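Written out below as structure tokens is the structure these notes cover.
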Amino acid sequence: MPSNCLKTIKKLALKFLLLAGVLALLDIVYLYTLYPKDLEANCTLMQRSMMPVEQQADIVYLGESSNHAVADDEEDKRFISDMLQDLLPDHRIANLDKDACHAGIYYDILRNIPAESPVKTAIVTVNMRSFTAEWIYSSLEVPLRKEQVLMKKAPALYKRMLLAFKGYTHWTDEENAKIVRNALRKQKINYPVVQWKTASEWDKAVADQMNARGVSDDTISLATHYVKCFACDVDEDNPRIRDLDRIAKLCRQRGWHAVFHILPDNEDQMAALVGPELVDILRRNGQFVEQRYRAMGVTVVNNQGTVRDADFRDRDFPTEHYRQNGRQTIATAIAKTNIFHN
Amino acid sequence: MYFCNVFVEINRNDVCHFYNMLFNTIEFLLFFPAVTLLFYVLPHRWRWLMLLAASCFFYMWFIPKYILILLVTIVIDYSAGLFIERWADSPKRKRTALVVSVVSTCLVLFIFKYLNFCSANLVELAQHFGWSHPSRVLEIALPIGLSFHTFQSLSYVIEVYRGHQTAEHHFGYYALYVMFYPQLVTGPIERPQNLLRQLHETKRLDYDNVANGLRLILFGLFLKMVVADNLGSLVDKVYATPGQYASGDILLAMVLYSFQIYGDFFGYSIIAIGCALSMGFTLTDNFNVPYLSGSIREFWHRWHISLSSWFRDYLYIPLGGNRVSVPRWAFNTLVVFTVCGIWHGANWTFMLWGAAYGVLLIVERWLRSVHLFDRINSKAGRAVVGALNVGKTFVVVTLLWSVFRAPSFSDLGQLYAALLSNAGTEHLAIAPHIVAALVCFVALDIATRHIRFDRWCGKLPAPLRWSIYAIMLFAIIVFSSVEQYPFIYFQF
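Structure (structure tokens):
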């Protein structure tokens, strides 16, 4: 290597070293000036992690919109977590819910709860829809991913840089549609009674059959959404299972009780529109989750089938938004678990 | 380690191909140093191959299969160059090779960029006259930067035809000339005399090149991420619902858009120039303080220079240039600027935008012939006239940007209806850091009007220079928008 080249390399290396020093200095400046504001503006999840300490709560309730979605005409507008609080007056529950959340986000919230918190139990909502492509690649996922960046254990300036340079999983609405379409083609169904091998095939078949029968577009859309949202084999490779594994492990490490409660879905509507096979698949997936985490020492409350069609709020999309009876049923089932009464 | 985590996360989600490797993404922050380092590590004979592979990788990161379109254009124009050279003594055959190359290259551009537009307009026309015309829409996305590399490829064939450039016999070098990653998707549109020649040269690691290149990248990122994207978030709000805003705020948004598009495109160009310079390649400067222009004519000498000079050399001059009668010149000017407008996008608004510039240039020439300000002789008087001209040009350019930005005439109508009615009550709230960024941009633009930013910065005392680096770095990381704003010129 020529000597002038070596000289240039040395000079450049020195400048990069200086640059690293400048960045370290900027990190300190950022940490003590704008970082707290950034957290406030861009990371509501972090604020949620702080709530158990602020509220001196011994139970944290992690959920998505199922917790707080109420109907306008209801008298009792309490959330599931509120109802649970009323059922467990000796405990203090911090509600850490956020729309479209799932186990991956719950893990980050739990991981960021300060060590000095009085938390003893983590109640984690398990939404069976969150295991499928429609939710995994939902457009609502991008803002959550953005928030996750700021929750990383890394220097503040580095995390802000990831936000600035889009260093997180992101997609536009247009790309999102393609991703979901591709993912549904890979969403396998291994169920003897069902002749279709993927959610995509089943989805198309349902749409074709209903079209041939002259069913309205809205009903077809609802039926095919049921297929997209529930037709899958949940196994240990599912990203949500990996997240739940991490939660179970984290709770064990921190000495917390973990309670996973599986949300009920509208099986009546599902069976009427698509058929009982889809309900069987859903139940089978629920049992998989139940058995897996019971074996890991987690308390699992399986609420599948406990809420009937009349107690679901939304009629035009498969959601887990319940009317007050539904919310009360779920809260009661969780409150009955032994860990709150020993 | 952190970077690795990002990639693990991306791969795990199996959606890699949906990520755009824009200059302002984490992917590019990894790609650029890796390519530059490899470039200097490899011996000269392997560098073209590595750069070509890197450029393919860069392009395929968007939509992989579209590289085939690029390959078609490359093969056509590479072969045309060879045929033109071989048939140098036969003008007829030489011309045939040129025509075949130009037509087929333009055909590719037409199919992907204009076919759906033409088809939609034909259907509308047929409906208007009550004729039956089947609506055929191709389900295709516009390959990124198609207009740019098409023009660069055409430039090569024409230059070979004119005898200003020898045909490139090495397919790899020619492909690299079209695909050179820094300027592949949004220019600057390079001439073969400049870039192709440099690709053959042996580049040695040079401190000044690397340092200047990095300075330009830093400045470009500042313009894009701090100035343009933050302004974009404000401008988008007003343009989405102009009726809700007061006239003053709509006017403000129009002015801000002028700076947004400038920051965005200038930012991209300067990053591209910086990336190339880090490896020792000099690309054409694309901007020269356009908003200090005293006339529309001057504006087009300072804005998107590589495109305006392309149109000048390959369309305006062949049509006769200035050496024709005034009516013919006016016609030529209108043609050139209308084509320039439609080059930007398949939309009537772009055509109107381009044609309006043509008309303005004609009016400007007429006004010059009237000698309105010839009686003003004092220095101060001339300075005032100069300042007024700059102001007038900026106002005209800003008004025309609103045509450029509008998705349709109906949107444009809504914008101007809201502007004239002043019925809205909402106001734009501009954060102090955005104002500061804009002021810095204008100040730096003026400070560097005679000398490019990298060289200007290099001449500053080290403490001041490093303070600028630190401020820019901090602003890029901390004050950039958390929303994603692709480069505006990517759509072309």
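Chains as they are written, first to last, in numbering that gives the first Met the number 0: chain V, 0 to 341; chain B, 0 to 491. For glycine and all other residues, C-beta sits at the position ideal for the given N, C-alpha and C. This one's a predicted model, so the numbers in the text were calculated from it and none came from an experiment.
Looking at the structure shown, is residue i part of a helix, part of a strand, or coil, going by DSSP?
i: residue 332 of chain B; result: helix
i: residue 261 of chain V; result: strand
i: residue 240 of chain B; result: coil
i: residue 492 of chain B; result: The first residue shown for chain B is 0 and the last is 491, placing residue 492 of chain B beyond what the model contains.
i: residue 39 of chain V; result: helix
i: residue 127 of chain B; result: helix
i: residue 122 of chain V; result: strand
i: residue 248 of chain V; result: helix
i: residue 286 of chain B; result: coil
i: residue 299 of chain V; result: strand
i: residue 340 of chain V; result: coil
i: residue 6 of chain V; result: helix
i: residue 180 of chain B; result: helix
i: residue 35 of chain B; result: helix
i: residue 169 of chain V; result: coil
i: residue 426 of chain B; result: coil
i: residue 13 of chain B; result: Residue confidence is low: residue 13 of chain B scores 39 on pLDDT, short of 50, so the model does not pin down where it sits. No coordinate-derived value is stated.
i: residue 58 of chain B; result: helix
i: residue 185 of chain B; result: coil
i: residue 3 of chain B; result: Reliability of the predicted coordinates at residue 3 of chain B is poor, the pLDDT of 39 falling under 50, and no value is obtained from them.
i: residue 8 of chain B; result: Low local confidence applies: a pLDDT of 38 at residue 8 of chain B is under 50, so the model's placement there is unreliable, with the coordinate-based value given in what follows. DSSP places residue 8 of chain B in helix when its eight states are reduced to three.
i: residue 43 of chain B; result: helix
i: residue 447 of chain B; result: coil
i: residue 305 of chain V; result: coil
Provide the residue span of the beta strand (DSSP E) that contains residue i, from first to last.
i: residue 93 of chain V; result: 92–94
i: residue 60 of chain V; result: 58–61
i: residue 225 of chain B; result: Segment: none, residue 225 of chain B is in no beta strand (DSSP E) and carries neither H nor E.
Around the Cβ of residue i, are there at least 16 other Cβ atoms within 10 angstroms (buried) or fewer (exposed)?
i: residue 316 of chain V; result: exposed
i: residue 123 of chain B; result: exposed
i: residue 155 of chain B; result: buried
i: residue 9 of chain B; result: A caution first: residue 9 of chain B carries a pLDDT of 36, below 50, which makes its placement in the model unreliable, though a value can still be read off. Per the 10 Å Cβ criterion, buried.
i: residue 147 of chain V; result: buried
i: residue 289 of chain B; result: buried
i: residue 337 of chain V; result: exposed
i: residue 115 of chain V; result: exposed
i: residue 105 of chain B; result: exposed
i: residue 128 of chain B; result: exposed
i: residue 222 of chain V; result: buried
i: residue 216 of chain V; result: exposed
i: residue 339 of chain V; result: buried
i: residue 272 of chain B; result: buried
i: residue 198 of chain B; result: buried
i: residue 364 of chain V; result: Past the edges of chain V, shown from 0 to 341, lies residue 364 of chain V, and the structure says nothing about it.
Taking the alpha helix (DSSP H) that residue i belongs to, which residues open and close that run?
i: residue 280 of chain V; result: 275–294
i: residue 65 of chain V; result: 64–67
i: residue 99 of chain B; result: 90–108
i: residue 324 of chain V; result: 323–334
i: residue 484 of chain B; result: Per DSSP, residue 484 of chain B belongs to no alpha helix (DSSP H) and is neither H nor E.
What distance in whole Å lies between the Cβ atoms of residue j and residue i, which are believed to be in contact at a cut-off of 8 Å?
i: residue 147 of chain B; j: residue 474 of chain B; result: With 8 Å as the limit, residue 147 of chain B and residue 474 of chain B do not qualify as a contact, their Cβ atoms being about 29 Å apart.
i: residue 262 of chain V; j: residue 127 of chain V; result: 7 Å
i: residue 414 of chain B; j: residue 355 of chain B; result: Contact flag wrong, Cβ pair sits at about 16 Å.
i: residue 159 of chain B; j: residue 166 of chain B; result: 5 Å
i: residue 223 of chain B; j: residue 186 of chain B; result: Between residue 186 of chain B and residue 223 of chain B the Cβ distance is about 15 Å, and since that is not below 8 Å, they are no contact.
i: residue 7 of chain V; j: residue 204 of chain B; result: 5 Å
i: residue 504 of chain B; j: residue 111 of chain B; result: With chain B represented from 0 up to 491, any question about residue 504 of chain B goes unanswered, as that position is not in the structure.
i: residue 162 of chain V; j: residue 26 of chain V; result: With 8 Å as the limit, residue 162 of chain V and residue 26 of chain V do not qualify as a contact, their Cβ atoms being about 14 Å apart.
i: residue 321 of chain B; j: residue 276 of chain B; result: Not a contact, Cβ separation roughly 35 Å.
i: residue 107 of chain B; j: residue 79 of chain B; result: Contact flag wrong, Cβ pair sits at about 13 Å.
i: residue 66 of chain V; j: residue 107 of chain V; result: Not really, about 18 Å apart at Cβ, beyond 8 Å.
i: residue 202 of chain B; j: residue 253 of chain B; result: Wrong, their Cβ atoms sit about 44 Å apart, outside the cutoff.
If you measure beta-carbon to beta-carbon, which residues of the stretch 207–230 of chain B are closer than 8 Å to chain V?
209, 210 and 224
Going along the chain, which residues of the stretch 154–168 of chain V sit with their C-beta nearer than 7 Å to a C-beta in chain B?
156, 157, 159, 160, 161, 162, 163, 164, 165, 166 and 168
Which residues of the stretch 453–475 of chain B have a Cβ closer than 8 Å to any Cβ of chain V? Give them in chain order.
465, 468, 469, 472, 473 and 475
Residues from the stretch 7–27 of chain V in contact with chain B, defined by Cβ distance under 9 Å:
7, 8, 10, 11, 14, 17, 18, 21, 22, 24 and 25
Taking beta-carbon pairs under 9 Å, can you tell me which members of the stretch 41–65 of chain V lie near chain B?
41
Tell me which residues of the stretch 25–59 of chain B have at least one Cβ-Cβ distance to chain V shorter than 9 Å, keeping chain order.
For the stretch 25–59 of chain B, the set of residues with a beta-carbon nearer than 9 Å to any beta-carbon of chain V comprises 25, 26, 27, 28 and 39, in chain order.
According to a CB-to-CB cut-off of less than 7 Å, which residues of the stretch 89–106 of chain V neighbour chain B?
Cβ contacts with chain B come from no residue of the stretch 89–106 of chain V.
Positions along the stretch 249–262 of chain B whose CB lies within less than 8 Å of some CB in chain V
none
Near-chain B residues of the stretch 118–145 of chain V - C-beta to any C-beta below 7 Å:
The residues in question are 145.
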